[in-house]
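In this note's numbering, the protein residues as written are 645 to 866. Beta carbons: idealized from backbone N, C-alpha and C, even for Gly. Encoded as C-alpha cells, the structure appears first; notes follow it.
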Amino acid sequence: MSDTVTTLRKLLAEALGSFFLFACVIGSGVMAEDLANGNNAVALLGNTIATGAILAVLIAMLGPVSGAHFNPAVTLAFRIRGEIPTGEAFAFVGVQIAAGIAGVWAAHVMFDLDVLQYSLKPRTGTGQWLGEFIATFGLVLTILGTIRVNAAWVPASVGLYITAAYWFTSSTSFANPAITIARSLSDTFAGIAPADVIGFIIAQLAGAVCAVLIIKPLYGDQ
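So, in C-alpha cells, the structure goes:
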C-alpha cells in the first residue's frame, strides 16, 4: 500500500472519529439538558457517560488506523516524541478541527437548532485554566503511560479518564483544542464563549507538553 493511501486512511479515521466525538459531546449535552429539568448535575452526568462511552468505542475502532488522536494536544504529544511527521501532524489537526465542527453542526441539525451560532457561556479564570492544564496533562499521561504498560487498555483507560475528569476538574475537562474551538460554535450546554477559547488552548497545550516531559523519568522511555 502506498504512503499516500495510508495517509488518506489515517486522515479519514481522524475525520470520522472527530465528527462522532464532537457530535456526541454537543448532542448528548443538548439531550441531557432537555431531559434534566434544570438539574445541572443530572445533565452533566448524561453528557459525561455519553462522552466516555463514545471515546472508548472510537479509540478501539479507529486506533489501529490512525492512532485515534481526535485531539491536537494528543497529536502534539506524538509529534514531540517523533512518532508522527510534522506534515502529517498538521494534516491531522486540520482534519480534527474541520470534521469536529461538522459534527457540531450535525448535532444542531439533529436537535432542530440553528446550525450557525456562537456560545455565550463564559469559561475563564485561573481555576478554569488550571483545570484544563490538569485535564490535558492527565489525558496525555494516560495515553502514553497505558500504551507503555498495556496498550490493549488504551480505549477503556481514556474513556474512563475523561469520565472522571468531567467531574474532578473545574472546567469539566475539554482537554482538546479542536473541541474547544468547535464548542465555541454551539450555544448549548457544552459551549464556551469564543473569547475564552485561547486561554483554554494555551493551558491544554502546556499540559500536553508537560505530560510528554514526565514520561521519560516515569517509565525510562527513550
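{"Check": "Boundaries (first-last residue) of the alpha helix (DSSP H) holding residue 664", "Outcome": "647 to 679"}
{"Check": "Residue 694 vs residue 687 beta-carbon contact at 8 Å", "Outcome": "no"}
{"Check": "Heavy atom of the ligand MG within 7 Å of residue 651 beta-carbon", "Outcome": "As presented, the structure is devoid of all ligands, the ligand MG included, so that no description of it is given."}
{"Check": "Unbroken alpha helix (DSSP H) run spanning residue 783, endpoints", "Outcome": "770 to 794"}
{"Check": "Any 3 or more C-beta pairs closer than 8 Å across the stretch 824 to 843 and the stretch 767 to 776", "Outcome": "yes"}
{"Check": "Close Cβ partners of residue 655 (< 8 Å) along its chain, the five nearest in sequence each way excluded", "Outcome": "710, 735, 736, 739"}
{"Check": "Segment contact flag, the stretch 696 to 704 with the stretch 717 to 735, C-beta cutoff 8 Å, min 3 pairs", "Outcome": "no"}
{"Check": "Among 756, 796, 719, the one whose alpha carbon lies nearest that of residue 848", "Outcome": "719"}
{"Check": "Segment contact, 8 Å Cβ cut-off, at least three pairs: the stretch 743 to 756 with the stretch 802 to 810", "Outcome": "no"}
{"Check": "Exposure of residue 670, with buried meaning 16 or more beta-carbon neighbours within 10 Å", "Outcome": "buried"}
{"Check": "Through-space distance from residue 658 to residue 732, alpha-carbon basis", "Outcome": "11 Å"}
{"Check": "Integer-rounded CB distance, given that residue 662 should sit under 8 Å from residue 747", "Outcome": "7 Å"}
{"Check": "Buried/exposed call for residue 716, threshold 16 Cβ in 10 Å", "Outcome": "buried"}
{"Check": "Span separating the alpha-carbon of residue 756 from that of residue 818", "Outcome": "25 Å"}
{"Check": "Extent of the continuous alpha helix (DSSP H) run through residue 744", "Outcome": "730 to 754"}
{"Check": "Nearest neighbour of residue 826, chosen from 812, 782, 762 [CA to CA]", "Outcome": "762"}
{"Check": "Segment limits, alpha helix (DSSP H) that includes residue 836", "Outcome": "From DSSP, residue 836 is part of no alpha helix (DSSP H); its letter is neither H nor E."}
{"Check": "Residue 853 versus 843, 800, 777, residue with shortest Cα-Cα distance", "Outcome": "777"}
{"Check": "Straight-line gap, residue 728 to residue 754 (C-alpha atoms, nearest Å)", "Outcome": "35 Å"}
{"Check": "Close-in-space but distant-in-sequence residues of the same chain around residue 782 (CB under 7 Å, 5 per side omitted)", "Outcome": "805, 809"}
{"Check": "Alpha helix (DSSP H) segment containing residue 684, residue limits", "Outcome": "684 to 710"}
{"Check": "Integer-rounded CB distance, given that residue 752 should sit under 8 Å from residue 830", "Outcome": "7 Å"}
{"Check": "Residue 852 (DSSP reduced to helix, strand or coil)", "Outcome": "helix"}
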